[in-house]
Structure formats: structure tokens, C-alpha cells
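Below you'll find the structure, written out as C-alpha cells, and then a few comments.
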Amino acid sequence: MLVKTRRTMSLFMVLALLGLAVAMLGCGETTTTSTGAATTDTTAAEVTTTTEMKVYRVGITQIVEHPALDAGVEGFKEAMAEAGFVEGQNVEYDVQSAQGDMAIATTIAQKFATDQVDLICAVATPTSQASVKATSTIPIVFALVTDPVAAGLVVDPMAPEGNVTGVSDHMPSQLHLDLIKELVPEAKTIGFLYNAGESNSVASINEEKPLAEAMGYTVIEATVSSSADVQAAAQSLMGRVDVIALVQDNTVISALEAVIKVAEEAQIPVITSDTDSVARGAAAGLGADGKILGRQAGAMAAQILAGTAIKDIPVQYAETPLLYLNLPAALAQGLTIADDVIARADNVVK
Numbered sequence: 008m009l010v011k012t013r014r015t016m017s018l019f020m021v022l023a024l025l026g027l028a029v030a031m032l033g034c035g036e037t038t039t040t041s042t043g044a045a046t047t048d049t050t051a052a053e054v055t056t057t058t059e060m061k062v063y064r065v066g067i068t069q070i071v072e073h074p075a076l077d078a079g080v081e082g083f084k085e086a087m088a089e090a091g092f093v094e095g096q097n098v099e100y101d102v103q104s105a106q107g108d109m110a111i112a113t114t115i116a117q118k119f120a121t122d123q124v125d126l127i128c129a130v131a132t133p134t135s136q137a138s139v140k141a142t143s144t145i146p147i148v149f150a151l152v153t154d155p156v157a158a159g160l161v162v163d164p165m166a167p168e169g170n171v172t173g174v175s176d177h178m179p180s181q182l183h184l185d186l187i188k189e190l191v192p193e194a195k196t197i198g199f200l201y202n203a204g205e206s207n208s209v210a211s212i213n214e215e216k217p218l219a220e221a222m223g224y225t226v227i228e229a230t231v232s233s234s235a236d237v238q239a240a241a242q243s244l245m246g247r248v249d250v251i252a253l254v255q256d257n258t259v260i261s262a263l264e265a266v267i268k269v270a271e272e273a274q275i276p277v278i279t280s281d282t283d284s285v286a287r288g289a290a291a292g293l294g295a296d297g298k299i300l301g302r303q304a305g306a307m308a309a310q311i312l313a314g315t316a317i318k319d320i321p322v323q324y325a326e327t328p329l330l331y332l333n334l335p336a337a338l339a340q341g342l343t344i345a346d347d348v349i350a351r352a353d354n355v356v357k
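Under my numbering, think of the first position of the sequence shown as 8, with each following residue one higher.
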């Protein structure tokens with residue numbers, strides 16, 4: 008009887024010990040599971056955080072590739088990055104060039120609209136017009152547009168409506184003419200070379216031509232429809248003008264070298280309102296800096312992506328005209344620039 012009781016107690020003790028071991032093992036699994044769950048939860052939180060960090064898609068469309076417009080795109084990206092929208096981190100760019108073809112510009116704008124990008128940066132007037140036609144909901148920030156009202160982009164620049172605002176490169180035409188008068192005082196005839204299909208160019212000519220005539224100049228116009236026409240149009244001015252005046256015309260500027268070649272052969276100075284054209288061979292230029300304008304547009308785009316309403320972001324304009332000179336180019340075109348003009352220039356190619 009005693010043996011049986013002891014055996015029974017021993018059995019109970021074994022069972023108790025086994026139960027305790029199982030319980031302890033269970034607790035161990037719970038701790039592991041709990042730790043594992045915590046680890047899993049942290050990872051999920053990290054994944055969630057990563058997922059929730061929005062990557063903005065920005066479409067950039069420019070009518071053609073030339074230094075002024077390229078500088079505008081560079082400035083746009085710089086300002087965006089400074090505002091916290093960094094390429095490769097939280098913003099992706101789709102940069103497209105229409106290569107001077109309006110049909111391609113339309114296709115690019117429609118693609119951006121279909122892709123539902125978060126914002127469109129339209130560089131130059133034709134691409135801005137194409138973008139505005141393509142979407143009325145996606146925010147559009149234009150850059151290097153001469154006359155946004157005449158181009159149909161905005162009605163009131165100070166109070167933009169809808170989905171469009173941006174930066175204009177417009178400078179008073181009188182400044183351009185005053186520079187021509189100072190550099191080529193003997194000139195009596197000015198030749199304007201531009202694309203009559205670019206509304207920004209037409210707006211500039213419509214402003215500048217009557218001012219030139221009021222100053223006593225005879226104005227001769229040569230128009231083009233594509234960059235392939237530029238050289239022939241420039242040649243048509245030879246022997247008829249004393250100076251070639253170039254406005255912010257993307258078609259002509261994209262083929263500037265053809266104009267410079269003709270101007271040097273005929274010893275006729277080329278004076279432009281596009282400062283980036285000076286390094287490429289124009290004798291002188293007075294206007295805005297493309298990169299600065301691009302930076303202005305980038306800062307505006309960052310505001311919009313951060314939640315500021317477009318109606319609260321008025322159109323901005325180029326602030327200070329910059330004088331650029333190219334002394335070797337001027338000499339090649341039969342022009343000697345006075346020392347006092349050189350002294351006040353913002354940039355001089357020697």
C-alpha cells in the first residue's frame with residue numbers, strides 16, 4: 008500500500024514536472040513569438056512608412072533643346088531639390104523635348120495627362136499651350152514664356168485661375184532697342200528674324216516693332232516656320248539691314264549658328280534678348296537668365312506640391328535685365344564695343 012502510494016506520488020511529481028516544463032516551454036514560445044511579432048510589426052511599420060512616402064511624378068516638356076531652355080530645366084530641378092523634392096528620392100522626372108515640332112509637343116502633353124503626373128513643368132510657350140489644352144486638372148507651371156496672357160495661358164497673371172501659373176521671361180522691348188542704339192548708333196534699318204507661328208515671338212514683335220519705328224528705324228521682317236528655314240531667312244536680310252535683332256524665338260535660337268554664320272559673312276551685328284545666345288556667337292544680349300527663371304518656376308512647383316493653391320501663386324516675371332557681351336563675335340560681325348559698355352556688362356566673353 009505504501010509502495011503504491013509512493014509510486015502514485017512519484018507519477019504525480021513526474022507529471023507535475025512535465026507540466027511545468029511544458030508551461031515554461033510555452034512561455035518561451037510566447038516570448039519568442041512576442042519578440043518575433045514585435046520585429047514583424049516594426050518591419051511592417053517601416054514598410055508602411057516607406058509606402059506612405061509619396062514619390063511625386065513631374066513631367067517636364069520643352070519645345071526644343073537649346074541652352075536657355077536647358078538652363079531653365081536645370082534651375083527648376085535645383086530649386087525643387089532645395090525645397091525638399093529630390094530627384095531619385097521623392098520625385099521622378101520625365102523630361103521630354105518636342106524637337107521644335109508642335110505635333111510632338113501635343114503628344115507629350117497628352118501622355119503626361121494620361122499618365123496623371125502630379126505636375127507639369129512646361130518650358131517655353133508652345134509646350135505650355137499644348138499642356139493647357141491637354142489637361143485642366145493637373146497643375147501646370149510654365150517657364151520662359153514671354154506673354155502668358157497673349158498665349159492664352161492665364162487671364163489675370165496676378166490671380167491665376169484653374170490649374171496654371173508660372174514664370175515669364177518678358178523684358179521691356181525698349182531696353183533691347185536702347186542697347187541696339189547704343190552699340191550700333193549708325194544703324195538705320197533693323198531686321199527681325201522670327202517664327203510667325205510662335206505666339207511669344209509675335210507678341211514680342213508686335214511690341215517692339217512700333218517702338219523701333221518711333222525711334223526712326225526702318226523695320227524689315229523675315230519669318231520662318233522651322234529651324235531648317237533659318238539660314239535662308241537670315242540670308243534674305245543681307246544687304247537690307249544694319250543690324251539683326253533677335254527676340255525670344257525658340258525656332259531661331261535653336262538654329263542660331265546659321266544666323267551667326269550669315270551675319271559674320273555680311274559683317275552685320277546680331278543683338279538678342281536671349282543672354283544664352285551670346286556665348287554661342289551673338290555680339291550682345293540683354294535679357295533674363297534662363298536658369299534663374301527656371302529656379303523661380305521650381306520654387307513655385309514646390310509650393311504647389313506642398314499644398315499651396317495655384318490661385319495664391321501669381322505669375323512671376325524676370326526681375327533684372329542682364330547684359331552679356333561676346334567681344335570676339337562682335338569683332339567678327341564688324342562691331343567694336345566701347346569700354347564703358349564692357350565695364351557694366353554682367354558677363355563678357357573675351
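Each residue gets a CB set at the ideal place from its N, CA and C atoms; glycine is no exception.
Residue environment analysis places I267 among the buried positions, since at least 16 neighbouring C-beta atoms fall within 10 angstroms of its C-beta.
Shown here for Q303: same chain residues with a beta carbon closer than 7 Å to its own, the five before and five after excluded, namely V174, Q323 in chain order.
Going by DSSP, G297 is part of the alpha helix (DSSP H) stretching over 297-312. In the DSSP assignment, Q69 falls within the unbroken beta strand (DSSP E) covering 63-69. From the listed residues D176, D296, P133, the smallest Cα separation to Q69 is found for P133. Per DSSP, the continuous alpha helix (DSSP H) segment holding T258 begins and ends at 257-261.
Per DSSP, the beta bridge partners of S175 are V152, Y324. Annotated as distal: V226 and L253, with beta-carbon spacing of 8 Å or more. Rounded to whole angstroms, the separation of the alpha carbons of T279 and K298 is 17 Å. DSSP places E220 inside the alpha helix (DSSP H), whose first and last residues are 206-221. Listed as beta-bridge partners of T196 by DSSP are T225. Shown here, Q136 sits in a helix according to DSSP, grouped into three states. The Cβ-Cβ distance between A337 and T343 falls below 8 Å.
Closest option to D346, judged by alpha-carbon separation, among A78, T142, E189: E189. A straight line joining the alpha-carbon of M307 with that of F149 spans about 10 Å. Its Cα nearest to that of L76, the residue A105 stands out among N333, A105, P164.
From the listed residues V356, A325, G294, the smallest Cα separation to L182 is found for G294. Distance between G301 and E271, taken at the CA atoms: about 32 Å.
When the beta-carbon positions are compared, A88 and E81 stay at least 8 Å from each other. One thing to note: S135 has its Cβ no nearer than 8 Å to the Cβ of A166.
Beyond the five residues adjoining it in sequence on each side, E205 comes within less than 7 Å, by CB distance, of T132, P133, D256, N257, T258 in the same chain, given in chain order.
Annotated three-state conformation of L338 is helix, per DSSP. If you keep only unbroken beta strand (DSSP E) runs of at least 3 residues inside the region 260-294, you get 277-279, 291-294.
Residue pairing by DSSP puts T230 in a beta bridge opposite Y201. Annotation: the continuous beta strand (DSSP E) that includes I127 extends over 126-130.
Looking at the DSSP output, N333 bridges to V356.
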